[in-house]
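A.B. asks: Here it is, the structure, as structure tokens.
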Amino acid sequence: MEKFQLTLLFKIIGIGSASGLVYHEDKLYLISDNSTFLYEYHIPTEKLHKIALVENAQDNIAKKEKPDFEAIALKGNDLLLLGSGSTQNRNRLFKYHLTSQKIQERDFEKMYEKIKSQLHISADELNIEGLIVTAETIYFFQRGNGTNGKNGIIYAKDDAENQKFEFVPFDLPKIKNIPATFTDAVLVNDTIYFLASAEDTTSTYLDGEVLGSIIGTIDIKTMKLTGSVQISDTNKFEGLTLYKQSANEIEFLLCEDTDSEVLESNIYLLKLATNH
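To convert, take the position in the sequence shown, counting from 1, and add 849; that gives my numbering.
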């Protein structure tokens, strides 16, 4: 994974603190951790469309009240948007149907309570930053930037009764002596590509000094880390989506959370060599 190329591809005006993105049919769907909009950006025309998820949707919500959307994933024709679960008001799941444009909201608190109870994760430790949904299984990427450093993948059979959650811990490489922790992930064939960042903080709530970001790979069958490389020592990358793929190269689009109220977001192109 040593060979990579990271470039700023374009800037989107009108969305700040981007925390996740999905590329689908020339469009980028983005979430922001302090907004109650889903953003649809048409790349060829550079047009941004805002989809209100709730009545009186806002672009910039105060930290203590924000829904903290950190995870977005595509399952069939549905986009799933999920709050991090790190506080009481961050427990909502929204489903947006790409064709009908219908929005469904679900309270995810019981699911998060089940996860915390089964896996012995304390309320101030839970911090879901990424989501992968397959036909059979749902995977949550727990960012272990709390005091106990509980970083790993939580997974269970999707929509099963008596859901039983498993937790696979991951000790990721350190940046300036601070462990990197998950910020997003996407599945490509049988490989999980993930982003992780290091921040000088032990709080799931308060931001710290950004020390950099890595991208890595995990074999979904064995749940083993298969590679990683540091791609920045200044950016806190929080969103990852597959863009293009060839025999020798894979391309991703990335977004970063600048922890700022400025309504603009940089979208980066990351190219990785895949020929071994």
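Positions of the beta carbon are idealized from the N, C-alpha and C atoms, including for glycine.
#1: Below 6 Å CB to CB, which residues in the same chain sit around Thr936 once its five sequence neighbours on both sides are set aside?
#2: Are Ala867 and Asp1049 closer than 9 Å when you measure CB to CB?
#3: Inspect the beta-carbon positions of Asp927 and Leu947 and report whether they are closer than 9 Å.
#4: Have a look at the DSSP bridge pairing and note the partners of Phe918.
#5: Do Phe1043 and Ile1027 have their beta-carbon atoms positioned less than 9 Å apart in this structure?
#6: Taking buried to mean at least 16 other C-beta atoms within 10 Å of its own C-beta, is Ile862 buried or exposed?
#7: Below 9 Å between beta carbons: does that hold for Ala1005 and Phe1014?
#8: Comparing alpha-carbon positions, which option in Asp1033, Gly1061 and Asn997 lies nearest Lys1025?
#9: Determine the DSSP secondary structure at Thr1053, reduced to helix, strand or coil.
#10: Do Gln1012 and Met960 have their CB atoms nearer than 9 Å?
#11: If you run the structure through DSSP and keep just helix, strand and coil, what is Ile964?
#12: Which word fits Ser933, buried or exposed, when buried means at least 16 other C-beta atoms lie within 10 angstroms of its C-beta?
#13: In whole angstroms, what separates the C-alpha of Ile900 from that of Val1037?
#14: Is Glu985 helix, strand or coil by DSSP?
#15: Cα-Cα, which of Asp875, Ile1099, Thr1123 and Leu930 is closest to Glu978?
#16: Considering only residues of the same chain and omitting the five flanking positions on each side of Arg939, which have a CB-CB separation below 8 Å?
#17: DSSP has Ile952 in a bridge; who is on the other side?
#18: Comparing alpha-carbon positions, which option in Asn1084, Ile1041, Glu889 and Asn909 lies nearest Ile1099?
#19: Tell me whether Leu980 is buried or exposed, calling it buried when 16 or more other Cβ atoms sit within 10 Å of its Cβ.
#20: Return the Cβ separation of Asn887 and Leu902 in integer angstroms, given the expectation that the two are a contact with Cβ distance under 8 Å.
C.D. replies: Straight from the coordinates:
#1: none
#2: no
#3: yes
#4: Gly932
#5: no
#6: exposed
#7: yes
#8: Gly1061
#9: Low confidence applies here, because Thr1053 scores a pLDDT of 46, under 50, leaving its location unreliable and the question unanswered by this model.
#10: yes
#11: helix
#12: buried
#13: 28 Å
#14: coil
#15: Leu930
#16: Lys915, Pro916, Asp917, Gly932 and Ser933
#17: Tyr945
#18: Ile1041
#19: buried
#20: It should be pointed out that residue 887 corresponds to Leu in this sequence rather than to Asn. 6 Å between Cβ atoms; contact.
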